[in-house]
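With UniProt numbering applied, the sequence shown corresponds to residues 1 to 228, in that order.
Using N, Cα and C, we set each Cβ at its ideal position, and we do this for glycine too.
Note that the coordinates shown come from a computational prediction; the quantities given were computed from them, not determined experimentally.
Working notes for the structure below.
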Amino acid sequence: MCSKLAGVPVDTTCRIAYRFITVFYFVKEEPHCRFVPIYPHVHVPITVPFQRGLGQKFRQPFGTGIDLSFFEMDDLPELSSEDSVFPLVITATTCLPSVLTEDHISDTQPKTSLHMQISQAVLEKDHEGTFKVRIIRQILWVDNVRYELHEIYGIGNSGPDYENNGSGKECVICMTEPKDTAVLPCRHMCMCSGCANTLRLQSNRCPICRQPFEELLEIRINNGAIDE
Numbered sequence: 001m002c003s004k005l006a007g008v009p010v011d012t013t014c015r016i017a018y019r020f021i022t023v024f025y026f027v028k029e030e031p032h033c034r035f036v037p038i039y040p041h042v043h044v045p046i047t048v049p050f051q052r053g054l055g056q057k058f059r060q061p062f063g064t065g066i067d068l069s070f071f072e073m074d075d076l077p078e079l080s081s082e083d084s085v086f087p088l089v090i091t092a093t094t095c096l097p098s099v100l101t102e103d104h105i106s107d108t109q110p111k112t113s114l115h116m117q118i119s120q121a122v123l124e125k126d127h128e129g130t131f132k133v134r135i136i137r138q139i140l141w142v143d144n145v146r147y148e149l150h151e152i153y154g155i156g157n158s159g160p161d162y163e164n165n166g167s168g169k170e171c172v173i174c175m176t177e178p179k180d181t182a183v184l185p186c187r188h189m190c191m192c193s194g195c196a197n198t199l200r201l202q203s204n205r206c207p208i209c210r211q212p213f214e215e216l217l218e219i220r221i222n223n224g225a226i227d228e
């Protein structure tokens, strides 16, 4: 998932261009994926309902962003490492309250059990002085259970639609079958299921990084869909 921060170097008021519906600035994560602003006097979380459908985009209206001149610019990329505080959190939920009252907004999260996708990010300046968003963690909240998402290295060139003369698609052991098995916890997708079963009996180290593995996860990719 990608995002960008629409801002002008001269103007310290920034607005987010992002998919889906809820934007939090400078919040601390609490149990059950609740997010509480640490500067509630500076910015109130904005929630915007969207109709059902894919490919929707959300851009904050003018006047609803946050003025970053209230903060030390050098601190914006650093807050994420302390006390689960993030300069920017974006959530996508399965539903919203039918009426957004002041009580809903001040509570920061509805009390009903929702399914959410959460992106936690920091703000960084590029060489031109424009702010950019760098997502450092993504979370799924499903049936009151928190799942942290991790990248699988090599999965991008493993699908049937990947075009590069076959380079990078093959198992690193047999060099013939397409790779479909990831090594955990290092997350290298580098083997076919057959070689993975053989490796399981002969070694406990990843063929790529040589780190000990705890689990081998087969991932089937069909027409862009991923089945585990």
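Under the three-state reduction of DSSP, which class applies to Arg187: helix, strand or coil?
-> Looking at Arg187 - three-state DSSP - the assignment turns out to be coil, as it is neither helix nor strand.
Can you tell me the Cβ-Cβ gap for Lys179 and Cys190, rounded? I've got them flagged as a contact below 8 Å.
-> Correct: roughly 6 Å between the Cβ atoms.
For the putative contact between Thr176 and Ala196, defined by C-beta atoms under 8 Å, what is the C-beta separation to the nearest angstrom?
-> In this structure Thr176 is not in contact with Ala196, their Cβ atoms being roughly 14 Å apart against a cut-off of 8 Å.
Kindly identify the DSSP beta-bridge partner or partners of Val172.
-> According to DSSP, Val172 shares a beta bridge with no other residue.
Exposed or buried, what is Ser119 when buried is set at 16 or more other beta-carbons lying within 10 Å of its beta-carbon?
-> Result: buried.
Note down the Cα distance separating Thr130 from Val145, rounded to an integer number of angstroms.
-> Between Thr130 and Val145, the C-alpha separation is close to 37 Å.
Selected residue, minimal CA-CA separation from Glu29, among Arg200, Gln138, Lys169 and Cys192 | Distance from the Cα of Glu29 is smallest, within the candidate group Arg200, Gln138, Lys169 and Cys192, for Gln138.
Cβ pair Val85, Ile38 closer than 8 Å | The Cβ atoms of Val85 and Ile38 sit closer than 8 Å to each other.
N- and C-terminal bounds of the alpha helix (DSSP H) containing Leu199 = Ser193 to Gln202 is the span of the alpha helix (DSSP H), which, as asked, contains Leu199.
Best match in Pro31, Phe70, Lys132 and Glu148 for proximity to Gln117 [C-alpha to C-alpha] = Nearest option by C-alpha distance: Glu148.
Span separating the alpha-carbon of Lys169 from that of Arg220 | Cα to Cα, Lys169 sits roughly 13 Å from Arg220.
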